[in-house]
Amino acid sequence: MQALLSFEQAPPIAAPFRFFLTAPLFAILAGTLLLWSGPELLASRWTPSALALTHLITVGFMLQVMLGAMIQILPVVAGANMARPLLVSSLVHAAIVPGALLLTAGLLTSQPLVLRLAVLLLGIGIALFLGAAGHALVGVRSTNPTIQGLKLALIGLAVTAGLGMLLAVARDGSSGLPVLQLTAIHLGWGLVGWGGILLAAVALVVVPMFQITPPFPAWFAHGFSWSVLAVLSSWSIVVGAGWQRPSAVLAAAVVLTVAVFAALTLQVQRRSKRARFDASQYYWRLAMLCLLAACALWFAADSLPALAQRQEWPLLCGVLALLGGFMSVMVGMLYKIVPFLVWLHLQNLGDGRVAAPSMNKVIAARQIDRQLYAHVASLVLLLAAVIWPEWFTYPAGIALALANVWLLYNLLTAVAFYRYQRLKMVAPTLAIPPPQGTC
Amino acid sequence: MTPSNADIVIDGRGLEPPEPLVRTLEALDQIGPAETLLVLLPHEPYPLYRALKLNGFSWQTTRRPDGTVEVLIQHQPQ
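Chains as they are written, first to last, in my numbering: chain Y, 1 to 439; chain F, 1001 to 1078.
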């Protein structure tokens, strides 16, 4: 078999893996924060610990996975090669990890200095990533909707991060900025303009590829990212201007685009040619159902004043969208991306003389299945904790931490498998004991 | 070179990664200097392009109206 990769072009395996391995640590911290703060955390979405928890999931878990995945995906689906990917990854990772930790500490304590340090580090890390990814995409023609979506998602990341930094600096209340409106716009761009556009762009490739389904309809593939960006931009302008009625209509349009994406993905997934769903497909299904439920809840609160007045509904929406939607789909994708990368790099190391072991052997299927059950349990318990905080906050915290310890263990198993197989290829005559739990 | 008379054809549509890549790389070992290999895929295979370049092959990519990507491969002329 031929050689697969040129190491001058392809990102080394360590470039995306450092992000993937750090992400579960933030979710473990999120579980620990639930245990430390107790039921008061869920009194409203605005408590310092609820804000810290949200950012442990978004800036901690989600941003790590999204940046790591983009570093890997850009050359594979867009042919866009980032210059010096290992150096860029190292610097971005070294900035955003302490940045996310300081942001959590700053939101918990409201210390302006801590928040400013967080803004500085996150700003440097995200700007560096945007520069490197933007440079790689310059000159790459948008020959398919995924490339278009990746480019537009970078705009979403820039807007989300810019507004987030502004809000963090303005948290002491002395700026006179319209914080509530800016928070709504920051949230909209983070969830839909960055997360939603990136997720849909990647889904267009990975759902048909890994789940053996027909492609998404052309009207959706070509129209989604531009429509979302146009509606989101219009909504942001009218929210900023304080026009109530048009902002409500445009907000509904944004939520509707997310619901269309989730419903279409479920429909496409139903036509999978695979004889039996694997855990990754169940993760996708769970994610899309949770996104649909979050959209339905949003519409219900929008039309029922009695529901809109309750503190629980935005928290329920947040848990459904973040833990149920984005985290589920990201974990499901990690279980495809990580074994694929291990296989790809081992195949290349074999240099045509030694074939790499099958992708299915990298992480045992039963280990992935069990982690899926733990993730579902943490989701159900956290939803219950929003409604009955006194009863379920502590079980939810334990379950969230455990599900992510398990995820970390599974990812470390893949790393151990890679190292063991690499050693076998480099020194095939040596007697090397297999790592525990992998071979 | 034209797709219609390729010596070896691999239909990678409906196969889960990395199977299309594995089959293509195996077929590259088999094609002679004047022979051609046609690969049918549901998306553009950028990692394959890198492998082809690295191993001394040239290729032509065309898109069918149904979205299928055809990659016609042969050895680079010496």
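Just so it is clear, CB atoms sit at the ideal spot from N, CA and C, and this is done for glycine as well.
Predicted model only: the values in this text are computed from it and were never measured.
Per-residue contacts from residue i into chain Y (C-beta, under 8 Å)
i, result
"residue 1043/F", "77, 144, 205, 208, 209"
"residue 1014/F", "212, 273"
Beta-carbon separation (whole angstroms), residue i vs residue j, contact threshold 8 Å
i, j, result
"residue 207/Y", "residue 265/Y", "6 Å"
"residue 442/Y", "residue 123/Y", "No information on residue 442/Y is available, as it lies outside the stretch 1 to 439 that chain Y covers here."
"residue 1031/F", "residue 1037/F", "5 Å"
"residue 104/Y", "residue 55/Y", "6 Å"
"residue 325/Y", "residue 294/Y", "6 Å"
"residue 129/Y", "residue 67/Y", "6 Å"
"residue 71/Y", "residue 202/Y", "Not really, about 13 Å apart at Cβ, beyond 8 Å."
"residue 302/Y", "residue 252/Y", "7 Å"
"residue 167/Y", "residue 107/Y", "Contact flag wrong, Cβ pair sits at about 10 Å."
"residue 300/Y", "residue 292/Y", "No, residue 300/Y and residue 292/Y are not in contact; Cβ-Cβ is about 12 Å, not under 8 Å."
"residue 94/Y", "residue 26/Y", "Contact doesn't hold; Cβ gap of about 15 Å is too wide."
"residue 31/Y", "residue 397/Y", "5 Å"
"residue 234/Y", "residue 200/Y", "No, residue 234/Y and residue 200/Y are not in contact; Cβ-Cβ is about 19 Å, not under 8 Å."
"residue 34/Y", "residue 393/Y", "6 Å"
"residue 185/Y", "residue 154/Y", "With a Cβ gap of about 18 Å, residue 185/Y and residue 154/Y do not count as contacting."
"residue 1062/F", "residue 1040/F", "About 11 Å separates the two Cβ atoms, so there is no contact after all."
"residue 204/Y", "residue 221/Y", "5 Å"
"residue 341/Y", "residue 13/Y", "6 Å"
"residue 315/Y", "residue 422/Y", "Not quite, the Cβ-Cβ distance comes to about 45 Å (not below 8 Å), so this is no contact."
Chain C contact for residue i (CB, 7 Å cutoff)
i, result
"residue 1020/F", "Absence of chain C from the displayed structure is noted, the protein chains being Y and F."
Proximal residues of chain Y, C-beta to C-beta of residue i below 7 Å
i, result
"residue 1017/F", "209, 210, 340"
"residue 1067/F", "215"
"residue 1033/F", "Neighbours of residue 1033/F on chain Y: none; closest Cβ ~15 Å, over 7 Å."
Per-residue contacts from residue i into chain F (C-beta, under 8 Å)
i, result
"residue 343/Y", "1018"
Residue i: contacting residues in chain F (beta-carbon distance under 7 Å)
i, result
"residue 359/Y", "1018"
Neighbour list for residue i in chain Y, Cβ cutoff strictly below 9 Å
i, result
"residue 986/F", "Residue 986/F lies beyond the stretch modelled for chain F, which goes from 1001 to 1078, so this question has no answer here."
Proximity test, residue i beta-carbon vs the ligand MN heavy atom, cut-off 6 Å
i, result
"residue 64/Y", "No copy of the ligand MN occurs in the structure displayed, which carries no ligand at all."
Original post:
Would you call the segment 356-365 of chain Y and the segment 408-421 of chain Y in contact, with 3 or more CB pairs under 8 Å?
Top reply: yes
**OP:** Please list the residues of the segment 255-274 of chain Y that have a C-beta atom closer than 7 Å to any C-beta atom in chain F, keeping them in chain order.
**Re:** Hits within the stretch, in order: 273.
**OP:** Tell me the start and end of each unbroken alpha helix (DSSP H) in the segment 111-146 of chain Y that is at least 4 residues and wholly inside, in chain order.
**Re:** 112-137
Subject >> Segment contact flag, the segment 142-157 of chain Y with the segment 114-122 of chain Y, C-beta cutoff 8 Å, min 3 pairs >> reply: no
Original post:
Three or more beta-carbon pairs under 8 Å between the segment 1043-1062 of chain F and the segment 73-89 of chain Y, yes or no?
Top reply: Counting Cβ pairs under 8 Å, three or more are found: they touch.
Subject >> Any 3 or more C-beta pairs closer than 8 Å across the segment 1004-1017 of chain F and the segment 35-51 of chain Y >> reply: Judged by Cβ distances under 8 Å, the segment 1004-1017 of chain F makes no contact with the segment 35-51 of chain Y, as fewer than three pairs qualify.
Original post:
For the segment 269-346 of chain Y, which segments carrying the alpha helix (DSSP H) assignment without a break, of at least 4 residues, lie completely within its bounds, in sequence order?
Top reply: 279-303, 305-308, 312-319
**OP:** Please go through the segment 399-423 of chain Y and give each complete beta strand (DSSP E) segment of 3 or more residues, from N-terminal end onward.
**Re:** none
Original post:
Okay, do the segment 401-410 of chain Y and the segment 370-383 of chain Y touch, 3+ Cβ pairs below 8 Å being the bar?
Top reply: Contact holds: three or more Cβ-Cβ distances are below 8 Å.
Subject >> Sufficient close CB pairs (3 or more, under 8 Å) joining the segment 202-218 of chain Y to the segment 261-275 of chain Y >> reply: yes
Original post:
Do the segment 314-328 of chain Y and the segment 280-288 of chain Y make contact, defined as three or more Cβ pairs closer than 8 Å?
Top reply: Contact between the segment 314-328 of chain Y and the segment 280-288 of chain Y is present: 3 or more CB-CB pairs across the two stretches fall below 8 Å.
**OP:** Can you check the segment 34-119 of chain Y for any alpha helix (DSSP H) of at least 4 residues that lies completely inside it and give the ranges in chain order?
**Re:** The segment 34-119 of chain Y contains, as complete alpha helix (DSSP H) runs of 4+ residues, the segments 48-55, 63-78, 85-109 (chain order).
**OP:** Just list the beta strand (DSSP E) runs in the segment 344-393 of chain Y, keeping only unbroken ones of 3 residues or longer that don't cross its boundaries, in chain order.
**Re:** none
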